Amino acid sequence: MTTVSPAPPSMAVIRRALEEFNLPAYDDQVLQIQDYIKILLSWNDKINLTAIRNPVEILYRHFCESMFAGASVPIERGRLADVGTG
Numbered sequence: 106m107t108t109v110s111p112a113p114p115s116m117a118v119i120r121r122a123l124e125e126f127n128l129p130a131y132d133d134q135v136l137q138i139q140d141y142i143k144i145l146l147s148w149n150d151k152i153n154l155t156a157i158r159n160p161v162e163i164l165y166r167h168f169c170e171s172m173f174a175g176a177s178v179p180i181e182r183g184r185l186a187d188v189g190t191g
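Pasting the structure below:
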């Protein structure tokens with residue numbers, strides 16, 4: 106049985122979400138996020154990569170929140186590792 110993945114958020118939705126977090130919304134970045142969500146949704150149907158299945162929730166949880174946190178950490182020199190629970 107073939108399942109059809111939901112469509113990724115539109116570029117306008119991605120831009121608005123990034124702006125809510127005071128993050129820049131460059132055209133190439135917005136397209137990359139849209140493509141990534143499309144690929145994630147497609148593969149998630151096959152191998153269960155994440156429990157989050159709603160495209161807009163993926164946008165907020167996997168991108169906006171992470172990008173906001175990364176931009177909020179003052180790193181002048183050195184490295185930062187995100188060690189998740191998954």
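In terms of the working numbering, the sequence shown opens at residue 106 and continues consecutively.
Even glycine gets a Cβ: it sits at the ideal position worked out from N, Cα and C.
Just so we're clear, the structure is a prediction, and the values are computed from it rather than from any experiment.
- If you draw a straight line from the Cα of H167 to the Cα of L145, it is about 11 Å long.
- Taking C169 as the centre and dropping the five residues before and after it, the same chain places the C-beta of A122 and F126 closer than 6 Å to its C-beta, in chain order.
- Taking a 10 Å sphere around the C-beta of R184, we find fewer than 16 other C-beta atoms and assign the residue as exposed.
- For I144, the enclosing alpha helix (DSSP H) stretches over residues D132 to I152.
- Apart from sequence neighbours up to five positions away, the residues of its chain that approach V178 with a beta-carbon distance below 8 Å are L185, ordered along the chain.
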